[in-house]
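Scroll down for the structure; my scribbles are underneath it.
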Amino acid sequence: MSGSLTDRMVVKLREAILTGQLAPGSIVVEPRLAQEYSVSKTPIREALRLLTSQGLLTVLPKKGYLVRTMSLNDVQETLDLRMLLEPHAAAAAAGFLPQQLLGDLRGLLDTQAELSERDPLAAMDAAQRFHQGIADASRNTRLAESLHRCFDETARAHHVLPGLQSYMGVPTELKEHEAIYAAIAAGDARAANDAMATHLRSIRTAMAQQFTDPGSLWA
Numbered sequence: 042m043s044g045s046l047t048d049r050m051v052v053k054l055r056e057a058i059l060t061g062q063l064a065p066g067s068i069v070v071e072p073r074l075a076q077e078y079s080v081s082k083t084p085i086r087e088a089l090r091l092l093t094s095q096g097l098l099t100v101l102p103k104k105g106y107l108v109r110t111m112s113l114n115d116v117q118e119t120l121d122l123r124m125l126l127e128p129h130a131a132a133a134a135a136g137f138l139p140q141q142l143l144g145d146l147r148g149l150l151d152t153q154a155e156l157s158e159r160d161p162l163a164a165m166d167a168a169q170r171f172h173q174g175i176a177d178a179s180r181n182t183r184l185a186e187s188l189h190r191c192f193d194e195t196a197r198a199h200h201v202l203p204g205l206q207s208y209m210g211v212p213t214e215l216k217e218h219e220a221i222y223a224a225i226a227a228g229d230a231r232a233a234n235d236a237m238a239t240h241l242r243s244i245r246t247a248m249a250q251q252f253t254d255p256g257s258l259w260a
């Protein structure tokens with residue numbers, strides 16, 4: 042019972058951090074969270090410890106937990122790691138995806154394009170699941186797990202940095218996703234590798250611009 046409740050609290054608190062509901066730099070404490078979610082302090086405490094081990098929180102002795110802030114260096118390091126891993130994942134997935142999974146990826150691209158203007162958050166979710174699907178299709182569990190953590194960090198940046206949600210609908214973003222999909226569907230590993238690398242460079246540029254923009258939360 043306690044274990045499943047802890048798992049549920051991990052999911053809820055993790056989502057609150059990744060979506061910016063628990064803002065970077067804010068301090069959270071067990072009693073307040075227990076009251077907010079109508080649970081005892083034990084599952085909250087266990088969930089906070091797990092999220093700390095995942096790097097999303099920092100312990101503040103006698104104060105609570107600090108929601109880890111984000112810097113340009115954090116984002117660049119995350120994208121550097123994605124640049125090392127994700128093109129390889131795309132290449133590994135090329136030619137090995139069953140038609141059903143290819144159909145799933147196609148559907149996610151269509152959803153992103155359709156919702157990019159009227160529901161940017163839903164479009165962003167579709168884009169993330171597109172990347173997750175490719176990572177999972179690499180058939181390398183450790184590679185996929187590493188990338189999933191990177192995707193979470195990138196998603197958090199999309200939620201807390203102004204302008205990045207609208208980036209989901211720009212022609213470059215959609216065109217690059219289409220190129221990745223086409224290469225994987227054609228079984229062209231080299232093209233899939235190159236298309237993913239090109240896409241990640243574009244993401245890096247867009248995020249760097251948000252950090253340097255005077256309207257940025259972190260300027």
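To convert a position in the sequence shown, counted from 1, into the working numbering, add 41. Glycine is no exception: its CB is placed at the ideal position from the N, C-alpha and C atoms.
Closest Cα partner of residue i within the set the options
i, options, result
"Thr47", "Ile85, Ala57, Ser67", "Ile85"
"Tyr78", "Ala64, Lys53, Ile58, Gly66", "Lys53"
"Ala130", "Ala232, Gly96, Lys216, Gln117", "Ala232"
"Glu118", "Lys216, Thr195, Ser45, Val80", "Thr195"
Where the alpha helix (DSSP H) containing residue i begins and where it ends
i, result
"Gly105", "No alpha helix (DSSP H) contains Gly105, which is instead part of the beta strand (DSSP E) from 105 to 108."
"Leu146", "140 to 156"
"Phe171", "161 to 177"
"Pro270", "Nothing about residue 270 can be reported from this structure: the residues present for the chain run from 42 to 260 only."
Buried/exposed call for residue i, threshold 16 Cβ in 10 Å
i, result
"Gln141", "exposed"
"Ala223", "exposed"
"Leu149", "buried"
"Asp121", "exposed"
"Gln76", "exposed"
"Arg109", "buried"
"Glu158", "exposed"
Spatial neighbours of residue i in its chain, beta-carbon cut-off 7 Å, leaving aside the 5 residues before and after
i, result
"Val51", "Ala88, Leu91, Leu92"
"Ala238", "Met124, Pro128"
"His200", "Leu59, Thr60, Gly61"
Close Cβ partners of residue i (< 6 Å) along its chain, the five nearest in sequence each way excluded
i, result
"Gly136", "Gly228"
Neighbourhood of residue i by C-beta, 8 Å cutoff - its chain only, sequence neighbours within 5 removed
i, result
"Met42", "Caution is warranted here: a pLDDT of 39 is assigned to Met42, below 50, making its placement in the model unreliable, and the coordinate value is therefore given only provisionally. If we look at Met42 and ignore the five residues flanking it on each side, it has no Cβ neighbours."
"Glu71", "Lys82, Ile85, Arg86, Leu89, Gly105"
"His218", "Leu150, Gln153, Ala168, Phe171, His240"
Quiz item: What are the uninterrupted segments assigned as alpha helix (DSSP H) that are 4 or more residues long and contained completely in the region 189 to 237, given in chain order?
Solution: 212 to 226
Q. Curious, which full-length alpha helix (DSSP H) runs of at least 4 residues does the region 81 to 135 contain?
A. 82 to 94, 113 to 134
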